[in-house]
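2 protein chains.
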Amino acid sequence: MLQFDLLTTDPTSHARRGRLTLNHGVVETPIFMPVGTYGTVKGVTPRSLEDMGAQIILGNTFHLWMRPGLDVMAQFGGLHQFEKWDKPILTDSGGFQVWSLGEMRKIAEEGVKFSSPVNGDKLFLTPEISMQIQTVLNSDIVMQFDECTPYISVEPKTKGQLTTEAEARSSMELSLRWARRCQTEFDRLENPNALFGIVQGGMFEHLRQESLEQLVDMDFPGYAVGGVSVGEPKDEMLRIMTHTPHRLPAHKPRYLMGVGTPEDLVEGVAQGVDMFDCVMPTRNARNGTFFTRFGDLKIRNARHKTDERPLDETCTCYACAGNPAGPAGTDAAVPYANGGRGGFSRAYLHHLDRCGEMLGPMLASIHNLHYYLNLMREVREALDAGSFGEFRAKFKAERTRGV
Amino acid sequence: MLQFDLLTTDPTSHARRGRLTLNHGVVETPIFMPVGTYGTVKGVTPRSLEDMGAQIILGNTFHLWMRPGLDVMAQFGGLHQFEKWDKPILTDSGGFQVWSLGEMRKIAEEGVKFSSPVNGDKLFLTPEISMQIQTVLNSDIVMQFDECTPYISVEPKTKGQLTTEAEARSSMELSLRWARRCQTEFDRLENPNALFGIVQGGMFEHLRQESLEQLVDMDFPGYAVGGVSVGEPKDEMLRIMTHTPHRLPAHKPRYLMGVGTPEDLVEGVAQGVDMFDCVMPTRNARNGTFFTRFGDLKIRNARHKTDERPLDETCTCYACAGNPAGPAGTDAAVPYANGGRGGFSRAYLHHLDRCGEMLGPMLASIHNLHYYLNLMREVREALDAGSFGEFRAKFKAERTRGV
Numbered sequence: 243m244l245q246f247d248l249l250t251t252d253p254t255s256h257a258r259r260g261r262l263t264l265n266h267g268v269v270e271t272p273i274f275m276p277v278g279t280y281g282t283v284k285g286v287t288p289r290s291l292e293d294m295g296a297q298i299i300l301g302n303t304f305h306l307w308m309r310p311g312l313d314v315m316a317q318f319g320g321l322h323q324f325e326k327w328d329k330p331i332l333t334d335s336g337g338f339q340v341w342s343l344g345e346m347r348k349i350a351e352e353g354v355k356f357s358s359p360v361n362g363d364k365l366f367l368t369p370e371i372s373m374q375i376q377t378v379l380n381s382d383i384v385m386q387f388d389e390c391t392p393y394i395s396v397e398p399k400t401k402g403q404l405t406t407e408a409e410a411r412s413s414m415e416l417s418l419r420w421a422r423r424c425q426t427e428f429d430r431l432e433n434p435n436a437l438f439g440i441v442q443g444g445m446f447e448h449l450r451q452e453s454l455e456q457l458v459d460m461d462f463p464g465y466a467v468g469g470v471s472v473g474e475p476k477d478e479m480l481r482i483m484t485h486t487p488h489r490l491p492a493h494k495p496r497y498l499m500g501v502g503t504p505e506d507l508v509e510g511v512a513q514g515v516d517m518f519d520c521v522m523p524t525r526n527a528r529n530g531t532f533f534t535r536f537g538d539l540k541i542r543n544a545r546h547k548t549d550e551r552p553l554d555e556t557c558t559c560y561a562c563a564g565n566p567a568g569p570a571g572t573d574a575a576v577p578y579a580n581g582g583r584g585g586f587s588r589a590y591l592h593h594l595d596r597c598g599e600m601l602g603p604m605l606a607s608i609h610n611l612h613y614y615l616n617l618m619r620e621v622r623e624a625l626d627a628g629s630f631g632e633f634r635a636k637f638k639a640e641r642t643r644g645v
Numbered sequence: 243m244l245q246f247d248l249l250t251t252d253p254t255s256h257a258r259r260g261r262l263t264l265n266h267g268v269v270e271t272p273i274f275m276p277v278g279t280y281g282t283v284k285g286v287t288p289r290s291l292e293d294m295g296a297q298i299i300l301g302n303t304f305h306l307w308m309r310p311g312l313d314v315m316a317q318f319g320g321l322h323q324f325e326k327w328d329k330p331i332l333t334d335s336g337g338f339q340v341w342s343l344g345e346m347r348k349i350a351e352e353g354v355k356f357s358s359p360v361n362g363d364k365l366f367l368t369p370e371i372s373m374q375i376q377t378v379l380n381s382d383i384v385m386q387f388d389e390c391t392p393y394i395s396v397e398p399k400t401k402g403q404l405t406t407e408a409e410a411r412s413s414m415e416l417s418l419r420w421a422r423r424c425q426t427e428f429d430r431l432e433n434p435n436a437l438f439g440i441v442q443g444g445m446f447e448h449l450r451q452e453s454l455e456q457l458v459d460m461d462f463p464g465y466a467v468g469g470v471s472v473g474e475p476k477d478e479m480l481r482i483m484t485h486t487p488h489r490l491p492a493h494k495p496r497y498l499m500g501v502g503t504p505e506d507l508v509e510g511v512a513q514g515v516d517m518f519d520c521v522m523p524t525r526n527a528r529n530g531t532f533f534t535r536f537g538d539l540k541i542r543n544a545r546h547k548t549d550e551r552p553l554d555e556t557c558t559c560y561a562c563a564g565n566p567a568g569p570a571g572t573d574a575a576v577p578y579a580n581g582g583r584g585g586f587s588r589a590y591l592h593h594l595d596r597c598g599e600m601l602g603p604m605l606a607s608i609h610n611l612h613y614y615l616n617l618m619r620e621v622r623e624a625l626d627a628g629s630f631g632e633f634r635a636k637f638k639a640e641r642t643r644g645v
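Here the protein sequences come in this chain order: A and B.
Sequential numbering from 243 applies to the first sequence in my numbering.
Sequential numbering from 243 applies to the second sequence in my numbering.
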């Protein structure tokens, strides 16, 4: 089940405000989806995710297939009950992870042979098996199994070379054949959720166009743009982001996979993207990098040692505002700047990082995820108010102000 | 400032129910105090500590002196504001940590010379310096600087030998002289909080008696029993726990340092102890060992892989009951067994541990601390109800039932 309501469109860009209704609930778009690889968004509790207004999270099919394994997933009736998250979940196909194994895997028409990175077992992943696993996971959005076309080849014969047009075409066409097999298997399994097709084509606009046209003919309920954020220069990524999303059907949700920075997200929205996911907020949190309205902040820098200010005086997250949050999703905490009792200081966060204390990445994960989720809330509010153009300008100015 | 009200005493043991009023609030005793070495109770937020009903937490003077250092502590006006904990704090004296450095330190009458484990700096800690540091930390309860008499010697000449009576006497007498110096310096500094004396004397009852008599003469507002949980066999620890606490003044709080298991706590209460601290709930959490009403549980055991039950069906912590907690301290979550929507399964906790996911130790820390704090709440309720004898019997029977 998937229903997508297009609520408003921005006259100054391709940006859209939408509402996605899935089996486990409603998702207001544009949306950022926190990544919960192994059935947990790293460093945060499900309660905390709810508090910060997360509407949908990701799970990684490949990882969950390895651990805990399909037997446990089937016993729990899917990922929701296992990880105690009752809102929507999107799962990827496992294709990207298998592809990332590099020389440990072999791609053929039928599927991908590889050795388990957990125990060395010889395994085989095909479009059909990916659909079977995702059906057991019972994710609200299922992604087709695809081949992620690399930017730079990792194959023994062509290693280190830019992917050629011929290679990108061959890969894109394989993904299309796999898309058809996924659709057939998804239907055969009577999966009650929604299957998304993935546009590939490397850095070649005409291949992207061909991919999307053929996928549109197959009539998926939603579409993703894959094969970006795979090591290409930023301007190449932006070129594809500018080309593809707005050419997808207007009445269906559009998901840009694995992107990106706060700037990428706002630009992606302007290009017509509805859904984003990225490990940056949680990964950077564990490396001591904080995203804020006024730019990024590296907490390990010695200049923070005695700084009594919170990370971001306008932020209402637990790390910055300290006060208990309001009812789930409403985030009623009073920010420091508005007289809230104040959250944790930069000096304290610097200290936690220096001592290797768990609370450091815990607070950083809360803050960074809250930042991403709140950014998208502000985007939605600007779209509702018809002021997305102004929002973009203000966002850029504030982000370059410096923290 | 310290006021101790003795509310009730148990006719079947030395157990007492009391109320301790300190500069930052009221502490109902008997109480367990979570350990927050570096200005954070490992793996939990201050909000979570409040939710689970923590009334007072520890800080470690030695660690905080090293990092972030006294300059930062002074700038923040003490530990409370730095770590965002507005309820009472107790700090140790740094003596135990310096002592634990082994051959890296040298003890003399004046104090202890040692090399900083952080940067190798030559440092000197004396009773006076300990009082000065703890005054900057502004902890509600300040501990005297003492020498922790070892159970087995670590000195080069006598290494590996049991501490002799002469050695224990000499050490105990040094601690008494340091107690007087601490008292003098604490008064000179006009520290507005409360200084506790520490009974030493190794495993020798008559030395313990001598130590406590002389400390009582010095009229501290509270007393601790130190030098236990230092590697001695359990029956030796129990022997001292049976001897010393109930001989301390009835109208003053009694603190047994560094103890211990749930069984040790209940036995300690029966012997007249009011306050406990121990790293076990948080340290064991990070090693995958959970304390429950029905015994301890090692989550790494493969038998948990498919177990859908929570750790403890009667527990109301976030990990077990899942529901949002009620207002701070009330812990209104409905346990699984009473129809609560249910927390995380053993299978999920097993999976998190296996994948090395942060959420594993986070949930384990919440559960274990909640278990310790709730155990002491049940102890207090039993004392209030005049049924501590029955409670002890029930506690022992349940703990040996098996999980």
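C-beta atoms are modelled at their ideal positions from N, C-alpha and C, and glycine is treated no differently.
What V621(A) touches in chain B, judged by beta-carbon distance under 9 angstroms, is nothing: the nearest beta carbon there is about 28 angstroms away.
Interface with chain B (9 angstroms Cβ-Cβ cutoff): A563(A) is excluded. When 9 angstroms is used as the limit between beta carbons, T333(B) is near no residue of chain A, the shortest such separation being about 16 angstroms. By a beta-carbon distance limit of 8 angstroms, G281(B) contacts L306(B). Their separation comes to about 6 angstroms. Distances from the CA of L601(A) to each of V283(B), L617(B), T556(B) and Q376(B) were compared; the closest alpha carbon is that of V283(B).
The residues M294 and C559, in chain order, have a CB closer than 6 angstroms to that of H612(B) in the same chain once the five nearest residues on each side in sequence are set aside. If you draw a straight line from the Cα of L431(A) to the Cα of T391(A), it comes to about 28 angstroms. Assigned with DSSP and collapsed to three states, F536(B) falls in coil, not helix or strand. Put simply, the stretch 583-596 of chain B touches the stretch 311-324 of chain A. At least three CB pairs are less than 8 angstroms apart. For the options S417(B), P272(B), K364(B) and P398(B), the alpha carbon positioned closest to that of S335(B) is the one of S417(B).
DSSP places M499(A) outside any beta strand (DSSP E), giving it a letter other than H or E. Sorting S381(B), R481(B) and T548(B) by C-alpha distance to the C-alpha of F438(B) places S381(B) at the top. Interface flag for K547(A) against chain B is set, since a Cβ pair is found closer than 9 angstroms. Contact annotation: A421(B) and G464(B) have beta-carbon atoms that are not nearer than 9 angstroms. Assigned with DSSP and collapsed to three states, I383(B) falls in strand. Contact between P272(A) and M618(A) holds: CB atoms are separated by about 6 angstroms, below the 8 angstroms threshold.
The three-state secondary structure of E270(B), taken from DSSP, is strand. According to the DSSP assignment, V511(B) belongs to no beta strand (DSSP E) but to the alpha helix (DSSP H) extending over P504 to A512. For R411(A), the secondary structure class from DSSP, reduced to helix, strand or coil, is helix. Secondary structure of Y465(B) (DSSP, three-state): strand. For L449(B), same chain residues with a beta-carbon under 8 angstroms away, outside a window of 5 residues either side, are E407, A410, R411, M414, Q442 and G443 in chain order.
Taking a 10 Å sphere around the C-beta of F446(B), we find 16 or more other C-beta atoms and assign the residue as buried. Non-local beta-carbon contacts of T484(B) in its own chain, meaning distances under 6 angstroms to residues more than five positions away in sequence, involve Q513 in chain order. For R450(B), the enclosing alpha helix (DSSP H) has its first and last residue at E447 to M460. As a beta-bridge residue in DSSP terms, T531(A) pairs with K540(A). For K547(A), the closest alpha carbon among the candidates L379(A), C597(A), M517(A) and G260(A) is that of C597(A). Rounded to whole angstroms, G473(A) and K401(A) show a C-alpha spacing of 14 angstroms.
Annotation note: the stretch 601-644 of chain A contains the following uninterrupted alpha helix (DSSP H) runs of length 4 or greater, listed N- to C-terminal: 601-627 and 630-641. Boundaries of the alpha helix (DSSP H) around L312(B): L312 to Q317. Judged by their CB atoms, S607(B) and A527(B) are nearer to each other than the 9 angstroms cut-off. With fewer than 16 neighbouring CB atoms inside 10 Å of its own CB, G362(A) falls in the exposed class.
Per the coordinates, the alpha-carbon of R261(B) lies some 30 angstroms from the alpha-carbon of A561(B).
With its beta carbon at least 9 angstroms from every one in chain B, D363(A) lies outside the interface. Nearest CB-CB separation between G281(B) and chain A: below the 9 angstroms threshold. For M517(B), the enclosing beta strand (DSSP E) has its first and last residue at M517 to D519.
Taking C-alpha positions only, K636(A) is separated from R535(A) by approximately 10 angstroms.
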